[in-house]
Amino acid sequence: MSTHDELLQSLLEQLTSEDVFEREQACLQLRDFDGDEAGAALVACFEDPDLGIRELAAEGLIEMKGEAVASFLTVLLSHEDISVRNLAAEVLFKIGTDSVAPLCVCLTDSDKDVRKFAADILGQIGSKDAVKPLLGALGDENANVVCSAVEALGLAGDPEAVPALIKILDEREYARPEAIEALGRIGDEASLEVLLKNIQHEDDVVRFAVLDALGRMNAVDAAPQLKSMLDSADETTKDLIFFALIRIARSDNRAILEDLPEHRFRECLFKSLEGDDKHCKLFAIRELSHWKGSSVVEKLIAALDTDDEDIRASVKQALKLTVFSAFDAVADVLSGSNDSRLLIDILETISYTGNVRFAKDVARLSVHEDPEVREETARTLGRIGDHTVIKTLVKLAGDENGHVRSSALKSIGWVGDEREVEHLIRGLDDPYQDVQEAAMGAMVLIGGKRIIEQFKTDLNHTSPRRQRLAAMALGWIGENEVVDPLISALNHPEWEVRRSAVEALARIANEKAIEPVKYALNDEEPQVRKAAVDALISFEGNSAGEHLIPLLDDEDVWVKFHVINAIGQIRAAATVEKLTDLLCDENDVVRVAAAKALANLGDRRAIAPLKALSTDPNSDVVTAASEAVRVIERSK
Amino acid sequence: MEVSKEQNSGYTCLHLDGRLDLNSSSQLKDQIKGLLSEGVVNFIIDLNGVDFINSSGLGTLVSILKDVRMVKGRMVLCNLAQYVHEIFEITQLSHIFDIYPTEKQAAETFSGSAVNVG
């Protein structure tokens with residue numbers, strides 16, 4: 309006996325141990341064995357008293373698969389313990405196609421319950437290989453087996469089964485609904501005639517099954533008959549007709565709804581919103597986005613009450629287009645609901661429309677207990693942008709929650725009311741950075757003397773952060789009257805303030821700032837020198853080149869790199885000789901940048917020194933130099 | 004920089020392509036000033052094609068926003084490249100502008116504007 313066989317035998321013995329842990333270990337190890345013996349042993353574990361072991365065995369068998377395993381399992385379909393039968397059925401289904409042949413054999417088992425079980429599992433697997441044996445099972449003496457076989461044939465979806473199913477529909481009253489459903493699932497046109505024949509069937513169950521089947525099979529040809537039934541149909545039948553019509557319409561057959569009377573069309577869409585079919589719901593929501601009025605908006609709002617994100621997104625999209633047609637309906641929700649998610653959804657929708665008629669109702673939510681609702685309220689009021697909302701925004705700017713305050717201050721900036729400047733200034737003292745920045749942004753947008761004075765004062769604030777914000781803000785305000793304080797800020801002890809001041813002066817482009825910016829080229833901080841380079845180029849364009857030459861010897865390599873790039877972009881011809889010298893710089897990035905800048909300048913004097921770089925130890929330098937030579941030689 | 008104009012119901016979309024610096028931004032500002040004088044007040048600025056923006060470009064956008072607000076109009080930005088977005092964050096301009104990921108989303112914000120009129 310080989311080691312493998314010995315181990316297998318030992319594990320099989322271990323499975324009979326009284327110790328659960330021992331059996332569990334054996335079961336786990338058997339899962340790694342191939343072969344019928346291991347499979348049979350795991351199937352036998354289905355009778356183990358311990359649930360954990362039964363589940364381990366089931367997982368192992370699903371991994372093993374194979375017809376032999378499935379055959380062992382089918383034996384358990386007649387087990388006296390229903391939990392064992394159910395576990396075997398579940399594993400057979402999960403094994404899938406390997407189970408089909410053994411299950412087909414079971415369709416002729418002497419036990420009717422096994423035959424039904426087999427048909428049910430075959431239906432779940434949905435294999436076309438089972439169609440012929442299932443067709444044979446339609447002649448079974450047991451009604452339950454026949455019904456299961458009919459269902460399984462529907463799930464297999466093979467048109468070959470249609471004639472036999474039609475025969476069942478005609479001859480076996482007990483299997484009629486199942487046969488209709490199966491025909492609907494298969495969706496073959498050959499069954500349309502018999503389905504339409506039963507559309508007015510006296511038996512509700514049959515009639516309902518037909519309507520469901522017609523919808524399922526997208527039976528466009530059935531649409532006229534379905535529509536003609538609407539006026540005389542009872543409520544349930546009418547609902548089913550609506551569902552059928554929507555199902556047909558959403559499959560590229562929208563035209564079938566167009567000749568419906570308006571109230572019927574709307575009713576049809578509303579019913580679909582209430583149904584369970586996601587695709588029909590999405591179709592109805594898209595359709596309703598073109599409608600207007602309270603009833604439409606109310607139904608759409610009600611449809612927001614779902615956890616399905618696709619539906620919610622679609623409804624919100626539709627509401628953006630319809631919400632303004634139902635102010636009262638929206639106001640009712642805003643005042644009557646305490647559902648935060650719903651309120652935020654509605655607020656988002658309103659903020660997209662920015663419609664001032666919602667302002668009063670939205671403002672009421674500024675006292676809502678949920679800070680997320682208050683935050684969205686502030687944002688929405690800002691988007692509405694009407695001065696009537698300012699008081700509410702000011703109140704929200706003093707909210708206990710930082711996100712709410714930030715949102716409110718930003719909105720005040722959008723609405724833009726100079727009278728509220730003091731509230732914005734208070735925002736600059738807020739403990740939260742986000743709130744301070746929102747206040748600064750709002751002040752930039754509003755502008756005006758009082759705000760400029762505040763930022764000028766803030767340049768000397770005790771907090772370096774406030775100083776930086778002030779320099780930045782003055783730059784964004786960009787009025788000429790801020791030029792002098794910004795020039796003064798070039799001597800500020802904080803380099804970030806000096807840099808912001810340089811950037812701000814560049815934006816304002818006042819001539820008074822040119823000399824001070826040139827002075828900033830010598831700032832002790834590299835970041836300020838880099839900003840001054842950009843600023844000077846903004847002022848003087850390519851004439852700035854001569855002032856930048858000294859910086860080509862800057863002690864900071866990144867300043868040097870920045871200047872070379874800048875010179876290359878403005879094509880400052882006066883710098884060719886200096887750039888050529890830099891081709892021998894000790895730093896790789898400088899040599900690459902110099903080669904690229906010389907390419908931009910296009911001066912033929914640079915060709916020889918560039919060619920000399922062909923033996924440079926750095927491949928990036930060689931590539932840049934060779935490309936530069938190519939560019940210069942090509943240029944005139 | 005190239006600016007292409009697209010007139011839509013309720014807003015005008017300006018698609019920017021290229022560098023947004025001092026020179027090009029003044030061109031943009033002039034163009035918008037011209038539109039404001041014609042009574043066009045709602046704008047989407049599509050920054051999808053902007054591959055470079057400096058502080059002059061940003062300053063011009065702030066200045067344009069202020070001009071638009073003066074006439075009770077709206078200006079929103081969309082399609083910011085990642086690096087442009089980062090610049091808006093660093094400079095705190097994300098607190099000032101109304102920014103949308105796509106032109107479609109930006110356009111939806113103008114869908115209700117027409118109803119406000121009158």
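Sequence order for the protein chains is A and B. Per the numbering used here, residue 309 is the first one in the first sequence, and the count goes up by one each step. Per the numbering used here, residue 4 is the first one in the second sequence, and the count goes up by one each step. Note that the Cβ used here is the ideal one computed from N, Cα and C, for glycine as well. Treat the numbers as computed from the prediction; the structure is a model and nothing was measured.
Does the beta carbon of residue i come closer than 8 Å to any beta carbon on chain A?
i: LYS8 (chain B); result: no
i: GLY62 (chain B); result: yes
i: GLN95 (chain B); result: yes
i: GLU111 (chain B); result: yes
i: SER116 (chain B); result: At SER116 (chain B) the pLDDT is 42, less than 50, meaning the model places this residue with poor confidence and gives no usable figure here.
i: ASN82 (chain B); result: no
i: VAL65 (chain B); result: yes
i: LEU68 (chain B); result: yes
i: HIS98 (chain B); result: yes
When you compare the CB of residue i with every CB in chain B, is at least one pair closer than 8 Å?
i: TYR660 (chain A); result: yes
i: LYS718 (chain A); result: yes
i: VAL752 (chain A); result: yes
i: GLU683 (chain A); result: no
i: ARG815 (chain A); result: yes
i: GLU811 (chain A); result: yes
i: ARG721 (chain A); result: With the sequence shown as reference, residue 721 (chain A) is identified as Gly, and Arg is not the correct amino acid for it. With 8 Å as the cut-off, GLY721 (chain A) counts as an interface residue toward chain B.
i: GLY755 (chain A); result: yes
i: GLY724 (chain A); result: yes
Sort out for me which residues DSSP pairs residue i with in a bridge.
i: ARG362 (chain A); result: According to DSSP, which records beta bridges pairwise, ARG362 (chain A) is partnered with nothing at all.
i: GLN108 (chain B); result: Bridge partners of GLN108 (chain B): none, in fact.
i: CYS81 (chain B); result: B:ASP49, B:TYR103
i: GLU9 (chain B); result: B:CYS16
i: PHE869 (chain A); result: PHE869 (chain A) is not bridged to any residue.
i: PHE55 (chain B); result: B:ARG22
Is the distance from the Cβ of residue i to the Cβ of residue j below 8 Å?
i: PHE763 (chain A); j: ALA746 (chain A); result: no
i: GLY749 (chain A); j: ILE48 (chain B); result: no
i: ALA812 (chain A); j: LEU829 (chain A); result: no
i: HIS731 (chain A); j: ALA705 (chain A); result: yes
i: ILE698 (chain A); j: VAL670 (chain A); result: no
i: HIS598 (chain A); j: ARG558 (chain A); result: no
i: LEU381 (chain A); j: VAL399 (chain A); result: yes
i: LEU553 (chain A); j: ALA531 (chain A); result: yes
i: PRO917 (chain A); j: THR883 (chain A); result: no
i: MET780 (chain A); j: GLN34 (chain B); result: no
i: ASP893 (chain A); j: ASP928 (chain A); result: no
i: VAL514 (chain A); j: GLU486 (chain A); result: no
i: GLY735 (chain A); j: VAL743 (chain A); result: yes
i: LEU608 (chain A); j: LEU596 (chain A); result: yes
i: ASP843 (chain A); j: VAL825 (chain A); result: It is Ala, not Asp, that sits at residue 843 (chain A) in the sequence shown. In contact: ALA843 (chain A) and VAL825 (chain A) (Cβ atoms closer than 8 Å).
i: ALA1027 (chain A); j: CYS335 (chain A); result: Here chain A comprises residues numbered 309 to 944, so residue 1027 (chain A) is not present and cannot be evaluated.
Nearest chain D C-beta to residue i closer than 8 Å, yes or no?
i: LEU83 (chain B); result: Among the chains of the structure shown, chain D does not appear; the protein chains present are A and B.
- Query: For the region 491 to 507 of chain A against the region 465 to 478 of chain A, are there 3 or more C-beta pairs whose distance is under 8 Å?
  - Reply: yes
- Message: Closer than 7 Å between beta carbons: that is the criterion. Which residues of the region 625 to 655 of chain A meet it against chain B?
- Response: LYS628, LEU629, PHE632
- Item | Inter-stretch contact at 8 Å, needing at least 3 Cβ pairs: the region 83 to 93 of chain B / the region 700 to 718 of chain A | no
- Item | Residues within the region 780 to 794 of chain A neighbouring chain B, beta-carbon criterion of under 9 Å | MET780, ALA781, GLY783, TRP784, ILE785, GLY786
- Message: Can you confirm whether the region 12 to 27 of chain B touches the region 921 to 929 of chain A when touching is taken to mean that 3 or more C-beta pairs between the two stretches lie within less than 8 Å?
- Response: no
- Query: Along the region 736 to 749 of chain A, what residues have a CB closer than 7 Å to any CB found in chain B?
  - Reply: GLU745, ALA746, MET748, GLY749
- Could you please tell me which residues of the region 38 to 61 of chain B, in chain order, have their CB closer than 8 Å to any CB of chain A? ASN57, SER58, SER59, LEU61
- Item | Members of the region 11 to 36 of chain B that neighbour chain A once the beta carbon cut-off is set at 7 Å | LEU25
- Is the region 832 to 839 of chain A close to the region 815 to 822 of chain A, with three or more CB pairs under 8 Å? no
- Where the region 819 to 852 of chain A meets chain B: residues whose CB sits under 7 Å from a CB there: ASP842, SER846
- Would you check if the region 904 to 918 of chain A and the region 933 to 943 of chain A touch, i.e. whether three or more CB-CB distances between them fall below 8 Å? yes
- Task: Count the CB pairs spanning the region 62 to 71 of chain B and the region 844 to 855 of chain A that are closer than 8 Å, and state whether there are at least three.
- Result: no
- the region 683 to 698 of chain A in contact with the region 630 to 645 of chain A per 3-pair CB rule at 8 Å: no
- Query: Touching or not, the region 793 to 804 of chain A and the region 36 to 48 of chain B, by the rule of three or more beta carbon pairs under 8 Å?
  - Reply: no
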